[in-house]
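Sequential numbering of the sequence shown, starting at 1, is according to full-length UniProt numbering. Glycine is no exception: its CB is placed at the ideal position from the N, C-alpha and C atoms. Just so it is clear, the structure is predicted and the values come from calculations on it, not from any experiment.
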Amino acid sequence: MAKKQDSFSVSTVFLGVYEILMVIALIFSFKDLLTSSAKGDYFLTVVEIIAGILIGYLPVWIAKRLNIELPQQLFILYVVFLFGSIYLGTLRHFYRLPLWDKMLHLVSSSLEVCLGLAIFGFLLTPEVQAKVSRAFVTLYAFCFSAFCGVLWEFYEFTCDSFGMNLQRYMAHGQPKVGRAALMDTMTDLIADVIGALIFCLYLYFKFKKDPGSLKNFFFHKSTSEQE
C-alpha cells in the first residue's frame with residue numbers, strides 16, 4: 001500500500017509541475033498577445049497552451065467518468081511525454097535539437113506499452129490474466145506499441161496530404177528525393193521499435209521476478225468509494 005501511495009505522489013508531483021509551468025507560460029504568452037503587433041502568432045501559442053493544460057487533466061477526467069484507477073506508470077509517462085513535446089518541444093523550441101523528436105518517440109513507445117498492458121488487464125478477467133504467460137503479455141505489449149507507432153505515421157502522412165510537412169519530406173519547400181524523403185518516417189518507426197523493445201525486455205524480467213507486479217499496469221475499478 002505504501003508503494004502505491006509513493007507512486008501516486010510521484011505522478012501528482014509530475015502533473016503539478018507540468019501544469020504550473022504551463023500556466024506560467026500562458027500568463028506570459030497572453031501578455032505578449034496583448035502588447036505585440038504579431039498577435040496571430042501569440043494567439044496560436046495561447047490556444048496551444050490552453051489545449052496542453054486541458055490535455056494534462058484528460059486521463060484524470062476519463063478515469064473519474066469511468067470510475068477506474070489509472071496505472072501510475074502509464075500516467076507518469078503520459079505527463080513526461082506532454083512535458084517533453086508541448087512545454088519543451090513546442091514552447092521552448094526543443095524540437096530544433098536534432099534528436100529531440102526521436103527521444104520523444106522512445107518515451108511515447110514506452111507509454112504505448114503501458115497503455116497496451118492497461119487495456120489487456122481491463123478486457124480480461126482475473127482468471128484469464130493469471131493463466132496468460134508473462135512472455136506472451138510482453139510480446140503483445142510490444143506489438144501494440146509498434147502498431148501505435150505505425151498509426152501515428154499514417155496520421156502524419158494524412159496531414160501531409162493537406163500541405164503539411166510532418167514527415168519532413170520537404171526541405172525549403174522542395175520535395176526530397178529517394179531515401180532522404182523516407183528518412184524521418186523510418187527513423188521514427190525505428191525509434192518506436194527500439195523504445196518498445198527495451199521497455200518490454202525490462203518488463204519481462206520484472207514480471208518474471210515478480211509475476212504479481214503485472215497487475216500494477218492494469219486499469220482497476222476505483223476503490224475510493226469503498227474507502
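Problem - Proximity winner among K215, L106 and Y204, relative to A135 (alpha-carbon distances) - result: Y204
Exercise for the section: Could you work out which residue in L106, L97 and L99 is closest to Y78 when comparing CA atoms only? Expected result: L106
Practice task
Determine the burial state of F154: buried for a count of at least 16 other Cβ atoms within 10 Å of its Cβ, exposed for fewer.
Solution key: exposed
Exercise for the section: Using alpha carbons as the reference points, say which of V113, L58, L66 and L124 lies closest to G149. Expected result: Of all alpha-carbon atoms in V113, L58, L66 and L124, the one lying nearest the alpha-carbon of G149 is that of V113.
Exercise for the section: Could you spell out where the alpha helix (DSSP H) holding Y95 opens and where it closes? Expected result: First-last for Y95: undefined, no H or E at that position.
Handout entry: Burial state of Q72, where buried means 16 or more other Cβ atoms lie within 10 Å
Key = By the neighbour-count rule (16 or more Cβ atoms within 10 Å), Q72 is buried.
Exercise for the section: Measure from the C-beta of C200 to each C-beta in chain C and report whether the shortest distance is under 7 angstroms. Expected result: In the structure shown, chain C does not exist; there is a single protein chain.
Exercise for the section: Express the C-alpha separation of M22 and G163 in angstroms, rounding to a whole number. Expected result: Taking the straight line joining both Cα atoms gives about 29 angstroms.
Handout entry: Best match in A118, H172 and T158 for proximity to A141 [C-alpha to C-alpha]
Key = A118
Problem - Residues near P211 in its chain [Cβ-Cβ closer than 8 angstroms; skip 5 each side] - result: Excluding the 5 residues flanking it on each side, P211 has same chain C-beta neighbours closer than 8 angstroms at R134, in chain order.
Practice task
Please say whether Q167 and T185 have beta carbons closer to each other than 7 angstroms?
Solution key: yes
Handout entry: Reference I198, options S109, M183 and F219, closest by Cα
Key = S109
Practice task
Out of A25, V60 and P59, state which residue places its alpha-carbon closest to the alpha-carbon of F43.
Solution key: A25
Handout entry: Distance, G89 Cα to F218 Cα
Key = 30 angstroms
Practice task
Can you tell me the Cβ-Cβ gap for G52 and L15, rounded? I've got them flagged as a contact below 8 angstroms.
Solution key: The Cβ separation is near 12 angstroms, so there is no contact.
Practice task
Below 8 angstroms on the Cβ atoms is my guess for L54 versus L111; work out the distance and round it to an integer in Å.
Solution key: L54 to L111, Cβ: 18 angstroms. No contact.
Exercise for the section: Taking all protein chains shown into account, decide if I27 is buried (16 or more other Cβ within 10 angstroms of its Cβ) or exposed. Expected result: exposed
Problem - Between the CA atoms of K102 and A191 - distance to the nearest angstrom - result: 6 angstroms
Handout entry: Option in S29, V10 and P126 with minimal Cα separation from H220
Key = P126
Handout entry: Inter-residue spacing [alpha-carbon to alpha-carbon] between K176 and S161
Key = 15 angstroms
Practice task
Take S36 and list the residues in its own chain whose beta-carbon comes closer than 8 angstroms to its own, dropping the five residues that flank it on each side.
Solution key: Y42
Practice task
Write down every uninterrupted run of the beta strand (DSSP E) in the segment 109-143 whose length is 3 residues or greater and which is fully enclosed by it, in chain order.
Solution key: Qualifying beta strand (DSSP E) stretches: none in this window.
Problem - Residues that E69 bridges to, as DSSP identifies them - result: H220
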